[in-house]
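Quick notes on the structure that follows.
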Amino acid sequence: MHELSICQSLIDMIADEARRQAFNRVEVVRIEVGRFAGVEPGALAFGFEVASRGTVCDGARLEIVDLPGLAYCFACEESVELSDRLAPCPKCGGGRLQPTGGDELRVKDLEVV
Amino acid sequence: MCVTCGCGGGETTIDTGEPKRRHAHDHGHPHGHDHSHGHSHGHDHSHGQDHGHDHAHDHAGDHAGRTVALERDILSANARLAADNRRLLAKTSSIALNLMSSPGSGKTTLLVETLKRLGAVPAVVIEGDQQTSNDAERIRATGRKAIQINTGKGCHLDAHMVGHALEHLPLEPNGLVFIENVGNLVCPAAFDLGEARRVVILSVTEGEDKPLKYPDMFAVADLVVLTKTDLAPYVDFDGEAARAHVARINPSVPVIEVSVRREDGLKPWLDWLTTQRRAALEARRRQIEAELAALDAGVPA
Numbered sequence: 194m195h196e197l198s199i200c201q202s203l204i205d206m207i208a209d210e211a212r213r214q215a216f217n218r219v220e221v222v223r224i225e226v227g228r229f230a231g232v233e234p235g236a237l238a239f240g241f242e243v244a245s246r247g248t249v250c251d252g253a254r255l256e257i258v259d260l261p262g263l264a265y266c267f268a269c270e271e272s273v274e275l276s277d278r279l280a281p282c283p284k285c286g287g288g289r290l291q292p293t294g295g296d297e298l299r300v301k302d303l304e305v306v
Numbered sequence: 131m132c133v134t135c136g137c138g139g140g141e142t143t144i145d146t147g148e149p150k151r152r153h154a155h156d157h158g159h160p161h162g163h164d165h166s167h168g169h170s171h172g173h174d175h176s177h178g179q180d181h182g183h184d185h186a187h188d189h190a191g192d193h194a195g196r197t198v199a200l201e202r203d204i205l206s207a208n209a210r211l212a213a214d215n216r217r218l219l220a221k222t223s224s225i226a227l228n229l230m231s232s233p234g235s236g237k238t239t240l241l242v243e244t245l246k247r248l249g250a251v252p253a254v255v256i257e258g259d260q261q262t263s264n265d266a267e268r269i270r271a272t273g274r275k276a277i278q279i280n281t282g283k284g285c286h287l288d289a290h291m292v293g294h295a296l297e298h299l300p301l302e303p304n305g306l307v308f309i310e311n312v313g314n315l316v317c318p319a320a321f322d323l324g325e326a327r328r329v330v331i332l333s334v335t336e337g338e339d340k341p342l343k344y345p346d347m348f349a350v351a352d353l354v355v356l357t358k359t360d361l362a363p364y365v366d367f368d369g370e371a372a373r374a375h376v377a378r379i380n381p382s383v384p385v386i387e388v389s390v391r392r393e394d395g396l397k398p399w400l401d402w403l404t405t406q407r408r409a410a411l412e413a414r415r416r417q418i419e420a421e422l423a424a425l426d427a428g429v430p431a
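Taken in sequence, the protein lines are chains F and Z.
Just add 193 to the spot in the first sequence (first one is 1) and you have this note's numbering.
Just add 130 to the spot in the second sequence (first one is 1) and you have this note's numbering.
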């Protein structure tokens, strides 16, 4: 359940930003999570709800933007999108794939008042 | 609560093995070194304050709501502390190795047997577990220095904990720093500790399909070590299948096999460690050569 630690980190960052940019309440937190980031969106949502209580994020909506997994297919010699780490190449059906992207775990922006 | 990531919060403790401090720790009086992570104290890595915008504005007219762009990695605080750890380790050309596996794969046994065979090679150990100092005690029995981090409820080590542990360790030139992470094939994969290499350990008794079951861990590995290989015939472990599964997740990662029960059963691992130490020294040589070149060219280094 490292998603709770991740949410704690996210909320600490937002609390710092709230002091710096003088806002009191966050309505929406938009984050980008790659398919290969190793986090479970459901667990993130749960962790966010727990970790945000009594903070500037209390009651905020967590919007998770799902980013595709990217890999280089040695057979097709090009970059392809994957739905998960064990998915075959969508073009040739092969499994000789080197992951190249999709491990993003970023906060994009906030809607605040 | 840990200011970096909040993992396990104030439950994290560090046991340096010093008798006095352990005494106090046993009585549950937090002080000096057996600290929880709830308070700040002097050490030489920064806690990653941003200095970009530290004056308050009057935002009286902003109540209608607005969008604040951040575009930042969620674990950026951990990443900054990991970079601090990396800088500290680089000063002595130390090589930190983050050892990750499920519980019971033989990490500590591998370390104990490795330390016995390392001879004059400098090596220290950071042990991570939820509870007990048992693993650190096993390491200390070999005569090497070990720091035990207890994460309480925390499921992984983070760069903040490792930074504090490093304060208590003597870093010798070109030495090895083994970091034994909490036994867990999921959570530790996400947290950079400042290590040079991530080593994922898989014992043959766990079955050859572990890489498929826990792909995120095997995806971040710089080396996969198959342990307890002397048991392979008794548990019908298919080494070829295991290698194929690792390659499916991480095509470029090397896989080596070890056994502490065989006379030369650790050779591939010891050879790999030597390669890492050599690479660190080569990096240092390149840096010194660059500094010499700059000096000769009259450019202030």
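For glycine and all other residues, C-beta sits at the position ideal for the given N, C-alpha and C.
It should be emphasised that the depicted structure is a prediction, and the values quoted were computed from it without experimental measurement.
Inset, instruction - Check N228 (chain Z) in the structure and name its three-state DSSP category. - result: In the structure shown, N228 (chain Z) sits in a strand (DSSP, three-state: E or B).
Legend entry - Contact the segment 192-211 of chain Z vs the segment 285-301 of chain F: 3+ CB pairs below 8 Å: Between the segment 192-211 of chain Z and the segment 285-301 of chain F there are three or more C-beta pairs closer than 8 Å, enough to call the two in contact.
Legend entry - the segment 245-264 of chain Z contacting the segment 303-318 of chain Z, beta-carbon criterion three pairs below 8 Å: Contact between the segment 245-264 of chain Z and the segment 303-318 of chain Z is present, with at least three C-beta pairs closer than 8 Å.
Inset, instruction - Confirm, please, whether the CB-CB distance from H195 (chain F) to A410 (chain Z) is below 7 Å. - result: Their beta carbons are not under 7 Å apart, which means A410 (chain Z) does not touch H195 (chain F) by this criterion.
Inset, instruction - On a CA-only basis, which of Z:W402, Z:Y364 and Z:E387 is nearest A372 (chain Z)? Give me that one, please. - result: Minimum Cα distance to A372 (chain Z) is reached at Z:E387.
Inset, instruction - Output the distance between the C-alpha atoms of T281 (chain Z) and Y344 (chain Z), rounded to the nearest integer angstrom. - result: As the crow flies, the alpha-carbon of T281 (chain Z) is around 22 Å from that of Y344 (chain Z).
Legend entry - Nonlocal neighbours in the same chain, by C-beta distance under 7 Å from V221 (chain F), ignoring five residues either side: So the list reads A253, R254, E256, L303 and E304, once near-sequence residues are dropped.
Inset, instruction - Could you tell me whether the segment 349-367 of chain Z touches the segment 257-276 of chain Z, where touching means 3 or more Cβ pairs closer than 8 Å? - result: Contact between the segment 349-367 of chain Z and the segment 257-276 of chain Z is absent: fewer than 3 CB-CB pairs across the two stretches fall below 8 Å.
Legend entry - Spatial distance of E300 (chain Z) from I225 (chain Z) (CA atoms): Looking at the sequence provided, one finds Pro at residue 300 (chain Z) rather than Glu. Between the alpha carbons of P300 (chain Z) and I225 (chain Z) lies a gap of roughly 13 Å.
Inset, instruction - Look at the Cβ atom of V251 (chain Z), then the Cβ atom of T272 (chain Z), and state whether they are nearer than 7 Å. - result: Contact: no.
Legend entry - Buried or exposed (CB count within 10 angstroms, at least 16 for buried), Q417 (chain Z): It counts as exposed.
Legend entry - According to DSSP, residues forming a beta bridge with Y265 (chain F): Bridge pairing for Y265 (chain F): F:S272 and F:Q291 [DSSP].
Inset, instruction - Hey, could you find the ends of the beta strand (DSSP E) S333 (chain Z) is sitting in? - result: Taken as a continuous stretch (DSSP letters only), the beta strand (DSSP E) holding S333 (chain Z) covers R327 to S333.
Inset, instruction - Check whether the segment 194-214 of chain F touches the segment 326-341 of chain Z, taking contact to mean three or more Cβ pairs, one atom from each stretch, closer than 8 Å. - result: Result no; under three Cβ-Cβ pairs closer than 8 Å.
Legend entry - Range covered by the beta strand (DSSP E) that runs through L260 (chain F): Where L260 (chain F) is concerned, the enclosing beta strand (DSSP E) starts and stops at R254 to L260.
Legend entry - Listed by chain order, chain F residues near A491 (chain Z) by CB distance under 8 Å: Nothing about residue 491 (chain Z) can be read from this structure; chain Z reaches only from 131 to 431.
Inset, instruction - Using a Cβ-Cβ cut-off of 7 Å, state whether G195 (chain Z) counts as contacting chain F. - result: Closer than 7 Å: yes.
Legend entry - Where the beta strand (DSSP E) through I418 (chain Z) begins and ends: Counting along the chain, I418 (chain Z) falls outside any beta strand (DSSP E), though it belongs to the alpha helix (DSSP H) covering K397 to D426.
Legend entry - 7 Å Cβ cutoff, E304 (chain F) in contact with chain Z: With 7 Å as the cut-off, E304 (chain F) counts as an interface residue toward chain Z.
Inset, instruction - Using the Cα positions of L260 (chain F) and R223 (chain F), report the straight-line distance between them to the nearest angstrom. - result: Rounded to the nearest angstrom, the two C-alpha atoms are 13 Å apart.
Inset, instruction - With 7 Å as the threshold, decide whether the Cβ of G231 (chain F) is near any Cβ in chain Z. - result: By this cut-off, G231 (chain F) is an interface position.
Inset, instruction - Identify each residue in the segment 276-300 of chain F for which the Cβ-Cβ distance to at least one residue of chain Z is less than 9 Å, and report them in chain order. - result: So the list reads D277, R278, L279, G288, R289, L290, Q291, P292, D296, E297, L298, R299 and V300, given in the order they occur along the chain.
Inset, instruction - Report yes if the CB atom of S272 (chain F) is closer than 7 Å to the CB atom of L263 (chain F), and no otherwise. - result: The answer is yes: Cβ separation under 7 Å.
Legend entry - Contacts of P233 (chain Z) in chain F (Cβ-Cβ under 9 Å): Going along chain F, no residue has its Cβ under 9 Å from P233 (chain Z), so there is no contact; the nearest lies around 16 Å.
Legend entry - Exposed unless 16 or more other CB atoms sit within 10 angstroms - verdict on C317 (chain Z): Buried is the call here.
Legend entry - Nearest candidate by alpha-carbon position, reference V238 (chain F), set F:P292, F:P283 and F:I204: Note that residue 238 (chain F) is Ala in the sequence shown, not Val. Among F:P292, F:P283 and F:I204, the Cα nearest to that of A238 (chain F) is on F:I204.
Legend entry - Any chain F beta carbon closer than 7 Å to P345 (chain Z): Yes, contact with chain F.
Legend entry - Neighbourhood of R414 (chain Z) by C-beta distance below 6 Å, restricted to the same chain and skipping five residues each side: For R414 (chain Z), the CB contacts under 6 Å within the same chain, skipping 5 residues up- and downstream, are S223 in chain order.
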